[in-house]
Structures are given as C-alpha cells and as structure tokens.
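Engineer: This is the structure, below, for whatever I ask next.
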Amino acid sequence: MTLPAACHCGAIRLEIDFAPETLTQCTCSICRRYGAMWAYYTRKNVRISCAPDALKKYRWGDERIEFAHCRTCGCMTHYEDVEEGEDGRLAVNARMMEPSDIASIRVRTFDGAATWKYLD
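Just so we're aligned: the sequence shown equals residues 17 to 136 in the numbering used here.
This is how it looks when you write it as structure tokens:
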C-alpha cells in the first residue's frame, strides 16, 4: 500500500512506499514554528510530483537540511538532507497526509530545542 500526501492546493504531491512506524514532533526553533510532524524515509521510498517551479526551498543554520514549501499555498511538505545520496533522509511532513491514514501511528516528541533526545 502506498501512502499519499499533498500540500493544500495539490500542486505538490508525494507518494510514499509505506506508512511510518512512528511520527516525530520536534521542538527545535524551526519545526515548532512550522507545526510539522515528521515521518522519516530514505529518498528512494518517496516520489515527489510537481511542476519544476512549484517548490520553494529554504536552508538555515549549517545548511545541511533543505525545507521544501509550496509556492502557491505555502505548505511545508518535506525536508531533505542535502549532503546524502539516494539513501539519505527525506522527512515528509505527516500533516500533509490524510488524518485517517496516520491516526493509529505513535507520535514521539524530540527535544530539538535543548537535549537532542526523545522525551519518551
């Protein structure tokens, strides 16, 4: 079963090979502002469909992570580790998935603001 995800306007669509085992809410300065809930994959497990100019990308800090937003509706759909290859991490914002598809998945809180540890 593939898992679909999309921004609000549908300009960016993601197709994911499987549901995640857990979801992560991070408390770092950027993730808490985005209100994101992350599902972690490798690049080869996620396909992104959009027009070439549909994505706006943003890097900050050490610029190893690139956040992707829809230029039309502004939804932050995913981020990628820019230094890794095909097996590199791609995090999908699970808020772009249908709530019923992820309702039974455990949500963990990651203290990205201070300790860099999971709080459970």
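Glycine included, every Cβ here is placed at the ideal spot set by N, Cα and C.
Measuring CB to CB, does L88 end up less than 8 Å from N109?
Structural biologist: Correcting the residue type first, residue 88 is Thr in the shown sequence and not Leu. Not a contact, by the Cβ cut-off of 8 Å.
Engineer: Between A27 and M53, what straight-line distance do the alpha-carbon atoms span, to the nearest angstrom?
Structural biologist: Each residue's alpha carbon lies about 20 Å from the other.
Engineer: By a C-beta neighbour count over all protein chains shown, 10 Å radius and 16 as the cutoff for buried, is F83 buried or exposed?
Structural biologist: When all chains shown are included, F83 counts as buried.
Engineer: Can you find the residues in the same chain that come closer than 7 Å, C-beta to C-beta, to L106, ignoring five residues on each side of it along the sequence?
Structural biologist: Excluding positions up to five away in sequence, the list reads Y57, T58, R59, V62, H94, E96.
Engineer: State the DSSP-derived secondary structure class of D78, mapped to helix, strand or coil.
Structural biologist: Of the three classes helix, strand and coil, the one that applies to D78 here is coil, per DSSP.
Engineer: Under a Cβ-count criterion, where at least 16 other Cβ atoms within 10 Å of its own Cβ denotes burial, should C66 be classed as buried or exposed?
Structural biologist: With 16 or more Cβ atoms within 10 Å of its Cβ, C66 is classed as buried.
Engineer: Who are W132's beta bridge partners in DSSP?
Structural biologist: In DSSP, W132 forms no bridge with anything.
Engineer: DSSP on S116, reduced to helix/strand/coil?
Structural biologist: Residue state, collapsed to three classes: helix.
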